[in-house]
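One rule links them: number in this note's numbering = place in the sequence shown (from 1) + 37. A virtual CB, placed ideally from N, CA and C, is assigned to each residue, including glycine. Just so it is clear, the structure is predicted and the values come from calculations on it, not from any experiment. Heads up: the structure comes next, in structure tokens.
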Amino acid sequence: MNSTVVLQRDGEIALLLIDNPPVNALSRQVREQLLECLHQALGDKTVTALVIASEGNTFVAGADIKEFDLPLQAPHLPDLLAMIENATKPVIAALHGSVFGGGLELALACHYRLAEGNARFALPEVSLGLIPGAGGTQRLPRLCGALAALEMVVGGERIDTARALQIGLIDKVVATELRSSAISWAYEVAQRPPRRVREQPIPAYDAAVFNERAAQLLSKLSGQEAPPLALEALQQASRLPFEAGMAHEREIFIARRQSPQAHALRHVFFAERELAARVRAHARSAPTRSIETVAVIGAGLMGSGIALCLANTGIPTLLVDTQEQALERGRLVVERYYQGSLEKGKLNADEASRRTSLIRYATTLSSVADADLIIEAVFEDLAIKQEVFRQLDQFAKPGAILATNTSYLDVTAIASATSRPGDVIGMHFFSPAQVMRLLEVVRTPQVLPEVLASVLQLGARLGKTAIAVGNCYGFAGNRLLAVREREAGFLLEEGASPQDVDRVIRGFGFPMGPFELRDLSGVDIAWRNRQGRAGHLSEAERRCDLIEQLHAAGRLGQKSGAGYYRYEQGQRRGVADEFVSQMLVEHRRRRGITPRPIGDDEILARCLFVMINEAAHLLEQGIVDSVNDIDLVWLHGYGFPRYKGGLLYYADQVGLATVATALSNWARAFAERGIEVSGMLQRMAEEGRSFTHG
Ligand code: COA
């Protein structure tokens, strides 16, 4: 058996060194060996104090998430931590890197805590559908106060050493020589009695302030089951004796491990890491091009957002717009953004000014000559984009990567305007680009592997979830969005109201429903898309012309004060509008449709199952490489609720047979709509397979 914990001696001090790469997770083996080393050190009369530290670039990032699907295995972490806390010799935690979850709970059970400046502290359990299970909710409020504990336990706040020192979570910070500092300190404290957090009372706090903040946090986390339970455990710390509070916390933790939300969140955790590993593998498989300077063409909201995102990563960026006024507006967006970051305390003055000055401005396309990467973000029109690319082909240096930020158009057609289609790629950012994590990287059949690898790598550098997708209408994300919107339109024809559909989709956990989203992104955009695709629409889609009707009435969505909803001055949430009800009544009458009541279950199934079907087509057609890509695209770009695990993970929970049968029934019932049930989905359903387990 490998050693994951080693016991070393420095005179009278025992050093227990955890060594379980990559993040020193507290696996069963680590717990067993830690227990053994503790027994040895505590039983050795010549040892006067203990130091617990870790090898590698992090202390302990938490329990081993891979073990959460297994039955609980002794030694259990709370017992191990009780042994540390109850020790009669002082135990010091020497902390660096990530001190997360069980790692932080381990530190809390020690009697003294010292950290390197780079350490970060968090109890991220709620983000995995859990609550801390080894004393986090009981010891943290005793040590740092209930309010600070609330932010970390319920809000999942991650703090740095300065804040940790301020709230009393750590006793000291050292610049270097963590281990030797801890050992010197151990000699000092060896003569003192151990200082046990469990024996400290929770400092007095204002319950009204606590409750108000708790309500605020919970309202932001609605739909998630773990945060209110974490709050409950934390509140019990003030009401129950320590042991009873610990037992209560543990009971909730154990029940949470197997909860559907915890399973779903684990799936997302590993899906995100699997994607990151694929991006790294891509970069290894092809030589990457260095991207040190970038030019962004088009200073609209999207172009300015992309420039912000690059400057936030420290990349010098040139924002180009041939219209001087548009460029000025872009400059204002950039300046206001950094001014706002400064005012909110997110950046200090030096950093805000450094980032502001990383973005330069130009009005001529020829100024892109030095850029390693040029990202076009002009109006969504093929002819206009092709013209821009024709010019970029003249001005860009050899070896520069030319990217288009199109959200629907054919990247191959754009690349064909240049003499170097191998250097042309799609970079589909989501608005606002400086906030949204998703980046679809659109590969054409001609793109060079090194160009794809370089852009994926840049995506990771920008902190994005960068996913390679094939070149097709709407790529992966918008193609799924389009089928949901199409189905939602049919539901209106059949008798549902926009409010019904939006309420159900919001109830599922999306931040907004399809019609609210349409009003936000613009009825005119949908209208233009339909015009551009007139030849591809089925007869049923053509006749479900609600977008054309809204457009003709000048109802362009939020921007014009009305779309599917009416928007009162200054209100972002729309109200139901008689105009739309009447429009639907007339529409159904013209189409000879007798409206029927449609239940919430049918609305949800219709909206989601058509997406699952389309996702299966995307996999079959090789537009996406993996099931995880589908899940991550919708989680990071479209507000799919993380605690439901992603679209295809959700499909597995429903059961592929249920999904495939429903789709086949609809395909028969609505033959004119041309629903093509994916052959792969049908086969998987017949064979009893699932997306996430193959
Ligand atoms: N248990 C098991 N494996 C873990 C883990 C954990 N608690 N935390 C990270 N890992 C694994 C990852 O799966 C990844 O494995 P891989 O290389 O096979 O893909 C590897 O450690 C590195 O993690 P990664 O996230 O890619 O590295 P990073 O440097 O970007 O981030 C952390 C490191 C610790 C910040 C991040 O992994 C993290 O937040 N982990 C979860 C911490 C947590 O939630 N702890 C509480 C558990 S209840």
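Q. Is D56 near ligand 1, judged by its Cβ being under 8 Å from some heavy atom?
A. no
Q. To the nearest angstrom, how far is it from the Cα of F290 to the Cα of L109?
A. 11 Å
Q. Less than 8 Å between the CB of F728 and some heavy atom of ligand 1, yes or no?
A. no
Q. In chain order, which continuous runs of the beta strand (DSSP E) of length 3 or greater are located wholly inside the stretch 195 to 282?
A. 195 to 197, 209 to 211
Q) Whole alpha helix (DSSP H) runs in the stretch 577 to 653 with 4 or more residues, listed along the chain? A) 583 to 589, 615 to 628
Q: Rounded to whole angstroms, what's the CA-CA distance from A159 to V520? Just pull it up for me.
A: 40 Å
Q.
Checking the sheet assignment: what are the DSSP bridge partners for R457?
A. According to DSSP, R457 bridges with nothing at all.
Q) Does at least one heavy atom of ligand 1 sit under 8 Å from the Cβ of S663? A) no
Q: Give me whichever residues DSSP pairs with E463 in a beta bridge.
A: Rather than Glu, the amino acid found at residue 463 in this sequence is Gly. Its beta-bridge partners are T441, V479.
(Q) Please report the straight-line C-alpha distance between L384 and G182, rounded to a whole angstrom. (A) 27 Å
Q: Quick one: residues in its chain with C-beta nearer than 6 Å to the C-beta of Q70, no 5 flanking neighbours on either side, listed in chain order?
A: T41, V42
**Q.** Per DSSP, cross-strand counterpart(s) of V691
**A.** Answer by DSSP bridge pairing: none, since V691 is not bridged.
Q) Is there contact here, the stretch 683 to 695 with the stretch 710 to 725, by at least three beta-carbon pairs under 8 Å? A) yes
Q.
Taking its Cβ as the centre, do 16 or more other Cβ atoms sit within 10 Å of T174, making it buried, or is it exposed?
A. buried
(Q) What residue range does the beta strand (DSSP E) around F158 cover? (A) 157 to 159
Q. Distance, Cα to Cα, R216 vs A90?
A. 7 Å
(Q) Is I102 close to ligand 1? I mean its beta-carbon at under 8 Å from any heavy atom of the ligand. (A) yes
Q.
Can you determine whether any heavy atom of ligand 1 sits closer than 8 Å to the C-beta of L167, and answer yes or no?
A. yes
Q: Give me the Cα-Cα distance between A156 and E269, rounded to the nearest whole angstrom.
A: 28 Å
Q. Any chance the stretch 295 to 311 sits against the stretch 465 to 474, with 3 or more Cβ pairs inside 8 Å?
A. no
Q) On the three-pair Cβ rule with 8 Å, is the stretch 508 to 526 touching the stretch 324 to 343? A) no
Q) Along the chain, which unbroken stretches of the beta strand (DSSP E) at least 3 residues long are found entirely within the stretch 283 to 343? A) 331 to 334
Q | Nearest candidate by alpha-carbon position, reference E413, set I451, D387, G377 | A | I451
(Q) So, does the stretch 547 to 555 touch the stretch 597 to 609, judging by three or more C-beta pairs under 8 Å? (A) yes
Q.
Quick check on this structure: which residue in A130, I168, P161 has the alpha carbon closest to the alpha carbon of R150?
A. A130
Q: To the nearest angstrom, report how far apart D637 and L645 are at their CA atoms.
A: 12 Å
**Q.** Close beta carbons around I239, own chain, < 8 Å, minus the five adjacent residues each side
**A.** P178, R179, G182, A183, A274, S275
Q) Excluding sequence positions up to five away, which residues of its chain have a Cβ less than 7 Å from the Cβ of A505? A) V478, R480, L489, L493, D662
Q) Considering L87, what are the terminal residues of the beta strand (DSSP E) in which it resides? A) 86 to 91
Q. According to the neighbour-count rule (16 or more other Cβ atoms, all chains shown, within 10 Å of its Cβ), is V541 buried or exposed?
A. buried
Q) Just to confirm, are A201 and G139 a CB contact at a threshold of 9 Å? A) no
Q.
Contact defined as beta carbons within less than 8 Å: I believe E487 pairs with A323. What is the distance between those atoms, to the nearest angstrom?
A. 4 Å
Q | Check: E651 C-beta below 8 Å from any heavy atom of ligand 1 | A | no
**Q.** Simplified DSSP assignment, three categories, for D447
**A.** coil
Q: Would you identify the three-state DSSP class for F738, choosing helix, strand or coil?
A: It is not possible to answer for residue 738, since the shown part of the chain is limited to 38 through 731.
Q.
Less than 8 Å separating the Cβ of A301 from some heavy atom of ligand 1?
A. no
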